[in-house]
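One structure is given below, encoded as structure tokens.
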Amino acid sequence: MVYRRTHQVVKRLAARRSTILSAARDAASEGGMAAVQIAPVAVRASVAAGTVYRYFPSKADLISELIAEVSRDELAAIRRAADAAPGPSSALAAAVTTVAVHVLSQRKLAWGILAEPVDVDITASRLASRREIAGEIALRIDAAVRAGHLPAQDTSLAATALLGALHESLVGPLAPDHIEDEAKLRDAV
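Sequential numbering from 58 applies to the sequence shown in the working numbering.
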């Protein structure tokens with residue numbers, strides 16, 4: 058007889074995978090991507106290091122999936138905020154503000170996802186994350202252009218530039234070390 062995973066087994070495996078990713082996210086939030094090491098993540102997740110490897114064959118796989126998960130969460134938050142806005146300009150403002158607030162609230166995690174040097178190649182994951190978020194912002198810019206709120210422009214280029222400016226000014230090498238008044242900065246964005 059062929060073994061088939063039961064619904065309970067599938068749920069348990071998914072929960073364990075989620076726990077490992079959550080532990081990796083916590084580590085990255087506290088210490089950047091340098092803190093995302095298999096053994097410490099395993100300890101945080103209360104599993105053996107071999108269990109982490111069963112779900113993520115390498116550190117690069119773990120970090121890549123972490124980036125994808127954070128990106129999915131960010132994209133969902135951007136869409137919720139923009140969709141709740143009353144018009145295209147407000148939707149664009151809500152999308153940009155959401156990015157800024159999330160970056161400010163998790164600066165180490167954002168830096169790790171965006172640009173922190175790591176010892177494994179995660180370039181493709183980083184680019185995919187940026188493309189998805191820039192694509193969503195481009196949709197919001199395009200809607201504002203169609204509504205006559207913004208002049209005609211290359212919306213993809215504008216979205217990429219806007220996202221890059223946000224990231225650079227809030228977590229890049231030129232960003233301030235400490236934000237005195239996050240609410241004031243959020244309003245300025």
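Each residue gets a CB set at the ideal place from its N, CA and C atoms; glycine is no exception. Remember, predicted model here, so these are calculated numbers, not experimental data.
Decide if His64 is buried, meaning its Cβ has at least 16 other Cβ atoms within 10 Å, or exposed.
In the sequence shown, the residue the question calls residue 64 occupies position 7. Answer is exposed; the Cβ neighbour count stays below 16.
Quick one: using the 10 Å Cβ neighbour count with 16 as the cut-off for buried, is Arg203 buried or exposed?
Residue 203 sits at position 146 when you count from the first residue of the sequence shown. Here Arg203 is exposed: its Cβ has fewer than 16 other Cβ atoms, across all protein chains shown, within 10 Å.
Contacts around Val175, its chain only, beta-carbon distance under 6 angstroms, and the 5 residues preceding and following it disregarded
Taking the sequence shown and counting its residues from 1, one reaches residue 175 at position 118. Only Met90 meet the Cβ criterion.
Cα separation between Ser213 and Ile198?
By one-based count along the sequence shown, residue 213 stands at place 156. By one-based count along the sequence shown, residue 198 stands at place 141. Cα to Cα, Ser213 sits roughly 9 angstroms from Ile198.
Does DSSP put Leu231 in a helix, in a strand, or in coil?
Counting from 1 along the sequence shown, the entry for residue 231 is found at position 174. Note: Leu231 maps to coil in three-state DSSP.
If I measure Cβ to Cβ from Arg74 and keep anything under 6 angstroms in the same chain, skipping five residues before and after, which residues do I get?
In the sequence shown, the residue the question calls residue 74 occupies position 17. Taken in chain order, the residues that qualify are Tyr112.
Only counting runs of 3 or more residues, tell me where the beta strand (DSSP E) segments fall wholly within the stretch 177 to 205, in order along the chain.
none
N-terminal and C-terminal residue of the alpha helix (DSSP H) that Ala157 is part of
Here residue 157 refers to the residue found at position 100 of the sequence shown. It spans 145 to 162 - the alpha helix (DSSP H) in which Ala157 sits, taken as one unbroken run.
Alpha helix (DSSP H) segment containing Pro97, residue limits:
The residue labelled residue 97 in the question sits at position 40 within the sequence shown. Start and end: 95 to 102.
Which value, in whole angstroms, describes the spacing of the CA atoms of Leu132 and Ile124?
As a working note, residue 132 is residue 75 in the sequence shown. As a working note, residue 124 is residue 67 in the sequence shown. Going from the Cα of Leu132 to the Cα of Ile124 covers about 12 angstroms.
Could you check if Pro233 is buried or exposed, using at least 16 other CB atoms within 10 Å of its CB as the buried criterion?
To locate residue 233, count along the sequence shown from 1; it is residue 176. Under this definition Pro233 is an exposed residue.
Between Lys165 and Gly88, is the Cβ-Cβ spacing less than 8 angstroms?
The residue labelled residue 165 in the question sits at position 108 within the sequence shown. The residue labelled residue 88 in the question sits at position 31 within the sequence shown. Yes, these two residues count as a Cβ contact at 8 angstroms.
Whole-angstrom C-beta distance between Ala138 and His159, which should lie under 8 angstroms
Within the sequence shown, the letter at position 102 stands for residue 159. Within the sequence shown, the letter at position 81 stands for residue 138. Going by Cβ atoms, the distance from His159 to Ala138 rounds to 10 angstroms, so no, they are not a contact pair.
If we ignore side chains and look at the alpha-carbon of each, how far apart do Ala99 and Lys116 end up?
The residue you call residue 99 lines up with position 42 of the sequence shown. The residue you call residue 116 lines up with position 59 of the sequence shown. If you take the alpha carbons of Ala99 and Lys116, they lie about 12 angstroms apart.
Please name the residue in Asp178, Ala195, Glu225, His224 whose C-alpha comes closest to that of Ala216.
In the sequence shown, the residue the question calls residue 216 occupies position 159. The candidate whose alpha carbon is nearest that of Ala216 is Ala195.
When you compare the CB positions of Ile190 and Val156, do they come within less than 8 angstroms of one another, or not?
The residue you call residue 190 lines up with position 133 of the sequence shown. The residue you call residue 156 lines up with position 99 of the sequence shown. Cβ atoms of Ile190 and Val156: closer than 8 angstroms.
Exposure of Pro145, with buried meaning 16 or more beta-carbon neighbours within 10 Å
Indexing the sequence shown from 1 puts residue 145 at position 88. Buried.
Within a Cβ cutoff of 8 angstroms, which residues of the same chain sit near Arg82, ignoring the five residues on either side of it in sequence?
The residue given as residue 82 occupies position 25 in the sequence shown. If we look at Arg82 and ignore the five residues flanking it on each side, its Cβ neighbours are Leu123, Glu126, Val127, Leu166.
Is the beta carbon of Ser182 sitting closer than 8 angstroms to the one on Ser103?
The residue you call residue 182 lines up with position 125 of the sequence shown. The residue you call residue 103 lines up with position 46 of the sequence shown. Cβ atoms of Ser182 and Ser103: not closer than 8 angstroms.
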